[in-house]
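Participant: I have a structure I would like to understand better, so I am pasting it below and will then ask my questions one at a time.
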Amino acid sequence: VYPGQNSTVSNGANGIASIDLRYLGPVRTLTLLNGRRMAFGDSSAADVNAVPAALVKRVDVLTGGASTVYGSDAVGGVVNFVLDTDFEGVRGGAQIAGYYHDNSNTFAQQLNEERGFDYPTGLQWDGQQISGNIAVGGKFADGKGHASAYVDYRKLDALTKSERDYLNCTVNASDDGPYCGGSSTTPWGTFEAYSRGGDYMGTYRVGWESDGTVNGHEFVPRMSTEIFNYGALNHIQRPDEKWSAGAFANYEINEHFDVYLEVMYMNNFTKAQIAPSGNFYRVNRINCDNPMLSDQQYDLICTQGGYADDEYAEVYIARRNIEGGARVNLLGHTNSRIVAGVRGDIGENWTYDFHFLHGQTDVQDSYENDLNNERIANAMDVIVDPDTGEWVCRSGAEGCVPWNIFQEGAVTPEATEYIQYDGVLYGKTEIDVLNLTFTSDWENYGIALPSASEGVQIAVGVEYREEMFANQPDQAYADGLLSGQGGATQKIEGDLNVTEAFLELLVPLVQDVKGAQDLSLELGYRYSDYSTSGGVSSYKGQASYAPTQSWRIRGGYNRAVRAANISELFRVQGFNLNGSTDICSGPNPTATEAQCANTGVLPGQYGNIAPSPA
């Protein structure tokens, strides 16, 4: 079992807790509650935050042939949380927990010192966690009915990597051993300049001179070791608060009709923090008549680059928005689930279970303290107003304030406020299930081998399922305007339905004899007809041999076909982050000259292409 998502994920968090069997991904693990599906937490995986801790009796894990029994979601396997909903009385508990840590990892501290990063030391208590739950249950109607209910609460405090010496920096690998990595998008800025003819002229930064003197309005060569420690600001435990409540009830009219109802509700809110946003090389030019440039900066970029005052010099700029604080992703989930059904006996040896399930999750997602690419461009394209002599944005955009990153300490709160932008996204997922299952032990019909003490068991049924997912990003998300997102977040909207029929047999061959406590054969078949892709079959054949009660050997053959989920089916094409290494760059490219020529590299360019600054 691998964790899919949990409270330790910050960069890329979706705010749910999911399970990943066999490391095949949460989308290939089916999570059940009392043998029935849970509501999706996002587009494809169940949120186990909704499981009431006070009522968990056991957790069953099935990893072989599960897709034959449960469908294509279960290629990796099934996790079934079995709840004790038939208890009588009151139960509950509360817990206060936290971490006690001694920051004394000398190896990790040495890695930080080699990079010049600050790191924590000494003993500390942190990461407090508070949880509590209570449940009540009892019979009614002279024992014909039973009901139970619960309330569950949890709250976690924030904990960042900067509070652990062994997590304080992002560790990378090299031939010389591990080292602390970082970002070239720094608080003091990285400026990679090119001439009018496209020749690389150098990479600069604002700040101190090599002899230790400070001139905050000049460029000095940037060393590759001068990086920003972005990892320290990431959460290793997200602040999180969860409320959940629910009730379970059943009433036995007679042995043929036992009516039951399950109602569950959960509200969860969490924050995922990562390092401040910035201009991640999105703006790659600067106007040469820009008053923010000092004479020395103008000479390095424009004069030596061969640009006139009315032209834009090619400069790839990376500057961290340290004034605006960390980026914070606010994630809220409202999750509800209702099950209504009837079960009972048919004749002497058959039982049935017919139920309807509806699950729904509403997602509220907002991203604070990111930057708007268009506003960054506006705030850097600055000229002198001929009438007033003041610095103004050439675009004349409302509220635009020059973002002066060419001088140390010159960024104003007004400029930061203008370029910062919050993205908002709303999402919704629904699942509806109709299921009818018949089960039987055929021993009473005499269908059992003479060598077996138990009869053949069978489960057969049909299921109809509808799934829907939609997300609605705001314009900033959809147009890819947020500089710290790596690409546009496109709208997704779609639905599908599937009709399925399934059969499963357990055939005991030999039982309760010397050398063979149990030898059984398990067979299964499932046919699924998807509205999006048509029909497909899954099947399994499995043998299980137990020479004694202490040993069991199992082997089998399974065929599983995974159907694409809605997010995979309806996501549109777009641009996102990819590799940052150009195999044709640098003085000694990884690729040959002939290979690079296939990408358009001219003979004179080979060996003279600057590496990607990202």
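Be aware that the sequence shown starts at 11, since it is given in my numbering, and climbs by one per residue.
No residue lacks a Cβ here, since even glycine has one placed at the ideal position from N, Cα and C.
1) Can you look up Thr313 in the DSSP assignment and give me helix, strand or coil?
2) I'd like the span of the beta strand (DSSP E) that includes Cys403, first residue to last.
3) Count the other CB atoms, across all protein chains shown, that sit within 10 Å of the CB of Lys67; report buried if there are 16 or more and exposed otherwise.
4) What residue range is occupied by the uninterrupted alpha helix (DSSP H) comprising Leu533?
5) How long is the line joining the alpha carbons of Gln15 and Val92, rounded to whole angstroms?
6) Just grab the DSSP bridge partners of Ser548 for me.
7) List in chain order: all unbroken beta strand (DSSP E) runs of 3+ residues lying wholly within the segment 318 to 352.
8) When DSSP labels each residue in this structure, what does Ala203 get in the three-state scheme?
9) According to the neighbour-count rule (16 or more other Cβ atoms, all chains shown, within 10 Å of its Cβ), is Tyr110 buried or exposed?
10) For the candidate residues Gly81, Asp128, Ala104 and Lys501, whose alpha-carbon lies nearest to that of Asn636?
11) Going by beta carbon distance, what residues of the same chain come within less than 8 Å of Ala526, once the five residues before and after it are set aside?
12) For the beta strand (DSSP E) that Ala255 lies in, which residues bound it at each end?
13) Among Asp522, Val434 and Leu516, whose alpha-carbon lies nearest the alpha-carbon of Leu533?
14) Using DSSP's beta-bridge definition, name the partner residues of Met478.
15) What does the alpha-carbon distance come out to for the pair Asp363 and Leu42?
16) Are there any heavy atoms of the ligand FMN lying less than 7 Å away from the beta-carbon of Asn178, as far as the coordinates show?
17) Among residues of its own chain, excluding the 5 on either side of Ala64, which ones have a beta-carbon nearer than 8 Å to its beta-carbon?
18) Please classify Asp94: does DSSP put it in a helix, a strand, or coil?
19) Check whether the Cβ atoms of Leu31 and Val11 sit closer than 8 Å, and answer yes or no.
20) Let me know if Ala511 comes out buried or exposed under the rule of 16 or more other beta-carbons within 10 Å of its beta-carbon.
21) For Thr499, which residues from the same chain have a beta carbon less than 7 Å from its beta carbon, with the 5 sequence-adjacent residues on both sides left out?
22) From which residue to which residue does the beta strand (DSSP E) around Ala157 run?
23) Give me, in chain order, the residues of the same chain whose beta-carbon lies closer than 6 Å to that of Arg404; leave out the 5 immediate sequence neighbours on both sides.
24) Ends of the alpha helix (DSSP H) at Glu427?
25) Return the Cβ separation of Thr170 and Asn244 in integer angstroms, given the expectation that the two are a contact with Cβ distance under 8 Å.
26) To the nearest angstrom, how far is the alpha carbon of Ala151 from that of Asp268?
27) Between the Cα of Gly35 and the Cα atoms of Pro13, Arg47 and Phe50, which residue gives the shortest distance?
28) Give the single residue among Thr213, Arg475, Thr609 and Asn44 whose Cα lies nearest to the Cα of Ser82.
29) Using CA coordinates, which residue listed in Asn277, Ser622, Val69 and Gly354 is at the minimum distance from Thr344?
Facilitator: Per the coordinate set shown:
1) helix
2) Trp401 to Cys403
3) Flag for Lys67 reads exposed.
4) No alpha helix (DSSP H) holds Leu533; the beta strand (DSSP E) holding it covers Ala526 to Tyr540.
5) 21 Å
6) Arg536
7) 322 to 330
8) strand
9) exposed
10) The question about residue 636 has no answer here: the residues shown for the chain are numbered 11 through 624.
11) Val520, Tyr555, Ala556 and Pro557.
12) Asp250 to Asn264
13) Leu516
14) Beta-bridge partners of Met478 (DSSP): Glu440 and Asp505.
15) 16 Å
16) Inclusion of the ligand FMN in the displayed structure is not the case, the ligand content being empty and no account of it being possible.
17) Arg101, Gly102, Gly103, Asn143, Ile144, Ala145, Tyr160 and Asp162
18) coil
19) yes
20) exposed
21) Only Leu435, Pro483, Tyr487 and Ala488 meet the Cβ criterion.
22) Gly155 to Leu166
23) Asp391 and Ile393
24) Pro423 to Ile429
25) About 7 Å separates the beta carbons of Thr170 and Asn244, which is inside the 8 Å limit, making them a contact pair.
26) 13 Å
27) Pro13
28) The candidate whose alpha carbon is nearest that of Ser82 is Arg475.
29) Asn277
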